[in-house]
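Report on the following structure.
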Amino acid sequence: MADHEHEHPHDHDHDHEHGTETISFAAFVLSLAHTAAVHFGDIPDPMSGQMSEANLPAAQQMIDILSLLEAKTRGNLSAEERQLLEQILYELRLRFVEASKPQSRIITP
1 MADHEHEHPH DHDHDHEHGT ETISFAAFVL SLAHTAAVHF GDIPDPMSGQ MSEANLPAAQ
61 QMIDILSLLE AKTRGNLSAE ERQLLEQILY ELRLRFVEAS KPQSRIITP
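Residue numbers for the sequence shown follow the numbering used here, beginning at 1 and rising by one.
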C-alpha cells in the first residue's frame with residue numbers, strides 16, 4: 001500500500017479544503033491574549049470594531065484559561081512555547097493588577 005492511503009482524513013490538506021488553516025500553539029495562545037486585551041478595553045472588539053469598557057471578570061477568565069493551559073501542558077512544550085506562554089501570563093497579570101487599581105485623579109469632580 002502507498003503511504004498516502006494510511007493518511008487520516010483530518011491530516012494536512014483536509015483543513016485547507018474547508019478554508020481553515022491549522023493553528024499553532026503560539027497562535028492559539030496569542031488569540032487568547034488578544035481576547036484578554038479586548039476585555040481590558042485596550043484594543044477594539046474585532047467583530048464590532050468598537051472599543052468597549054473594561055470587563056475585568058472576563059479578562060480574569062482569560063488569564064485563568066491561560067494559567068490552566070500552562071499547568072496542563074507543563075513538560076510538553078518547546079522552550080519557545082513555554083517562554084511565550086509564561087511571558088504572556090506575566091504581562092496579563094500585571095495588566096490585571098493595573099486595571100484593578102482605582103483610578104487616581106489629580107482633581108476629583
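Virtual Cβ for every residue (Gly too), placed ideally from N, Cα, C.
Buried or exposed for residue i, going by 16 or more other Cβ atoms inside 10 Å?
i, result
"Ala36", "buried"
"Val97", "exposed"
"Phe28", "exposed"
"Ala71", "exposed"
"Leu68", "exposed"
"Met62", "buried"
"Ile65", "exposed"
"Leu94", "exposed"
I need the DSSP call for residue i, collapsed to helix, strand or coil.
i, result
"Ala71", "helix"
"Asp45", "coil"
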